[in-house]
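A short write-up of the structure that comes next.
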Amino acid sequence: MKVTWDESVCIHAGKCVQGAPEVFKVEDGKFVIDTSASSEDKIADVVSECPSGALKIE
Ligand code: SF4
């Protein structure tokens, strides 16, 4: 599973980092997505709650 993030679309609502902090996090000032840190179902749930559509599953 691969999740992409479009910085120009993100409205920084924080749903992703609140919903799955083990997957969506900021490291050294950069937003990273570690899809190995949770189940695909959980990640898909969080992606579906992104209000801006910045997150996409490929
Ligand atoms: S949930 Fe979507 S809009 Fe909110 S911070 Fe994450 S990527 Fe950005």
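Going by numbering that gives the first Met the number 0, the sequence shown opens with residue 0, and the numbers climb by one from there. We put the CB at the ideal spot given by N, CA and C, even for glycine. Note that the coordinates shown come from a computational prediction; the quantities given were computed from them, not determined experimentally.
Legend entry - Paired residues, beta bridge with Lys-55 - DSSP: In the sequence shown, the residue the question calls residue 55 occupies position 56. Answer is Thr-3.
Inset, instruction - Counting only the same chain and skipping the five closest in sequence on each side, list residues whose C-beta sits under 6 angstroms from that of Val-45. - result: Locating residue 45 in the sequence shown gives position 46, where the first residue counts as 1. For Val-45, where only same-chain residues beyond five positions count, the Cβ hits under 6 angstroms are Cys-15, Gly-18, Ala-19.
Inset, instruction - Classify Ile-32 as helix, strand or coil using the three-state DSSP reduction. - result: Residue numbering aside, residue 32 sits at position 33 when the sequence shown is read from its first letter. Here Ile-32 sits in strand by DSSP.
Legend entry - Boundaries (first-last residue) of the beta strand (DSSP E) holding Glu-26: Position 27 of the sequence shown, counting from 1, holds the residue named residue 26. From DSSP, the beta strand (DSSP E) with Glu-26 extends over 23 to 26.
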